[in-house]
Ligand SMILES: *Cc1c(COP(=O)(O)O)cnc(C)c1O
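Residue numbers (the working numbering): 51 to 443.
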């Protein structure tokens with residue numbers, strides 16, 4: 051189906067932050083499959099984990115115990131607020147599980163009217179029917195029938211609107227601590243803790259969608275960790291970096307929030323399969339390393355400083371630099387789709403984003419030398435954008 055606007059590039063091989071086309075041209079990858087290849091391409095440890103597991107066992111049904119699943123779940127719970135985990139194959143499925151978990155929690159307590167999920171303008175939670183309803187993005191909903199009941203949207207960063215939206219039918223709030231597709235808009239620690247408090251005061255559940263911003267991307271293992279435990283969610287969705295490129299996602303919950311999800315409430319054929327668990331376990335080990343998280347903070351600091359310099363030197367191209375850690379948004383004065391092409395001409399791969407942003411989402415182990423090279427290529431893309439704007443004027 052023609053659902054993708056594909057760039058005219060095909061890659062054959064990857065190594066670290068480099069991608070090589072079928073005709074051997076090298077590109078510096080600062081989008082990493084939209085925050086998926088967080089350890090770069092062909093990371094030796096992930097390759098080995100996949101190969102080893104591939105020779106043993108690919109799939110068994112979830113009607114059996116799966117030791118790799120138990121191990122990864124335990125590991126995720128040790129690293130987070132969570133007590134229980136459901137494994138999925140994608141981010142959107144993790145969001146589906148989160149929505150079901152939140153509603154069932156209230157239902158089991160007799161609060162059957164509490165079904166509303168409050169989401170935010172500019173959010174992205176995936177492309178399933180429930181996920182597009184949770185984000186409320188009109189262009190993703192158009193043509194797919196009436197919006198589903200039980201979903202409410204409020205503006206991002208407007209506490210009064212959020213308070214006004216909460217009522218006796220509210221089940222949960224779903225929010226990305228750093229909006230990804232929306233253009234790298236980060237919540238402050240104060241905003242996160244205020245939302246946590248609001249949920250506590252009103253008996254509603256807090257769902258963090260950390261599918262893009264989690265697993266080291268912001269320089270802490272999870273973006274809400276910047277609140278040092280003061281803004282832990284009840285339910286959290288992860289995916290993307292968890293498999294480093296192998297499809298895997300997870301919905302994490304506290305024992306209380308997950309309590310109504312009993313035998314038969316939910317399921318998945320492939321979710322938590324041994325291949326995904328082997329790669330996920332290896333990826334999590336690497337992503338949780340304090341040295342890696344410190345490295346993310348260092349490289350992110352470098353990018354922020356350098357890109358802010360470009361904003362000063364190219365005010366006709368770069369309007370704003372934002373985001374958190376290595377989820378970097380650069381808001382442009384020239385069309386972002388064209389800028390992505392200028393960057394490709396400089397052999398730099400970057401992602402698009404809402405609000406006319408481009409996003410830099412490099413592998414978290416990008417070296418400082420590679421970061422320097424990325425900035426140089428980005429600057430040359432700014433030159434191209436400037437020249438194009440001037441020629442058109
Ligand atoms: C990518 C993404 C999703 C959807 O993940 P899929 O694996 O594409 O289903 C959901 N939420 C956020 C924040 C994302 O970035």
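Even for Gly, the Cβ is constructed at its ideal location relative to N, Cα and C. The model shown is predicted, which means the values in this text are computed figures rather than measured ones.
{"query": "Segment contact, 8 Å Cβ cut-off, at least three pairs: the region 248-262 with the region 191-201", "result": "no"}
{"query": "Residue range of the alpha helix (DSSP H) that includes residue 239", "result": "239-252"}
{"query": "Ligand 1 heavy atom lying under 6 Å from the CB of residue 247", "result": "no"}
{"query": "Residue 210 in three-state terms, based on DSSP", "result": "helix"}
{"query": "Anticipated Cβ contact below 8 Å, residue 118 with residue 328, distance rounded", "result": "6 Å"}
{"query": "Identity of the residue in 430, 344, 315, 293 nearest residue 122 by Cα", "result": "293"}
{"query": "CB contact flag (residue 404, residue 226, <7 Å)", "result": "no"}
{"query": "For residue 285 and residue 302, believed in contact at Cβ under 8 Å, the rounded distance", "result": "7 Å"}
{"query": "Contact test: residue 274 Cβ vs ligand 1 heavy atom, cutoff 6 Å", "result": "no"}
{"query": "Enclosing beta strand (DSSP E) for residue 286 [first to last residue]", "result": "285-288"}
{"query": "For residue 163, the three-state DSSP class (helix, strand or coil)", "result": "coil"}
{"query": "Distance, residue 220 Cα to residue 254 Cα", "result": "7 Å"}
{"query": "Top-ranked residue by Cα proximity to residue 411, from 120, 63, 52, 85", "result": "85"}
{"query": "Contacting residues, own chain, Cβ-Cβ under 7 Å from residue 76 (five flanking each side not counted)", "result": "68, 70, 397"}
{"query": "Near ligand 1: residue 294 beta-carbon under 6 Å from a heavy atom", "result": "no"}
{"query": "Whether residue 148 touches residue 245 by CB criterion (7 Å)", "result": "no"}
{"query": "Counted within 10 angstroms of its Cβ, other Cβ atoms place residue 51 as buried (16 or more) or exposed", "result": "exposed"}
{"query": "Distance, residue 400 Cα to residue 83 Cα", "result": "10 Å"}
{"query": "Burial state of residue 413, where buried means 16 or more other Cβ atoms lie within 10 Å", "result": "buried"}
{"query": "Neighbourhood of residue 108 by C-beta, 6 Å cutoff - its chain only, sequence neighbours within 5 removed", "result": "325"}
{"query": "Under the three-state DSSP convention, the category residue 354 falls into", "result": "helix"}
{"query": "Option nearest residue 53 by Cα separation, candidates 177, 104, 130", "result": "177"}
{"query": "Beta-carbon separation (whole angstroms), residue 379 vs residue 234, contact threshold 8 Å", "result": "3 Å"}
{"query": "Distance cut-off 6 Å: residue 262 Cβ against heavy atoms of ligand 1", "result": "yes"}
{"query": "Delimiting residues of the beta strand (DSSP E) encompassing residue 296", "result": "Where residue 296 is concerned, there is no enclosing beta strand (DSSP E), given that its DSSP letter is neither H nor E."}
{"query": "Sheet register partners of residue 76 (DSSP bridge)", "result": "70"}
{"query": "Outcome for residue 151 when other beta-carbon atoms lying within 10 angstroms are tallied against a minimum of 16", "result": "buried"}
{"query": "Cβ-Cβ distance between residue 322 and residue 114 below 7 Å", "result": "no"}
{"query": "Contact under 7 Å by Cβ, residue 375 with residue 268", "result": "yes"}
{"query": "Complete runs of the alpha helix (DSSP H) confined to the region 366-408 [at least 4 residues]", "result": "386-395"}
{"query": "Reduced DSSP secondary structure (H/G/I, E/B, other) of residue 331", "result": "helix"}
{"query": "The region 206-225 touching the region 156-172, judged by at least three CB pairs closer than 8 Å", "result": "yes"}
{"query": "Same chain, Cβ closer than 6 Å to residue 409, neighbours up to 5 away in sequence not counted", "result": "234, 379, 401, 403"}
{"query": "beta-carbon residue 289 near ligand 1 non-hydrogen atom, thresh 6 Å", "result": "yes"}
{"query": "Within 7 Å, strictly: CB atoms of residue 154 and residue 310", "result": "yes"}
{"query": "Neighbourhood of residue 316 by C-beta, 7 Å cutoff - its chain only, sequence neighbours within 5 removed", "result": "136, 147, 150"}
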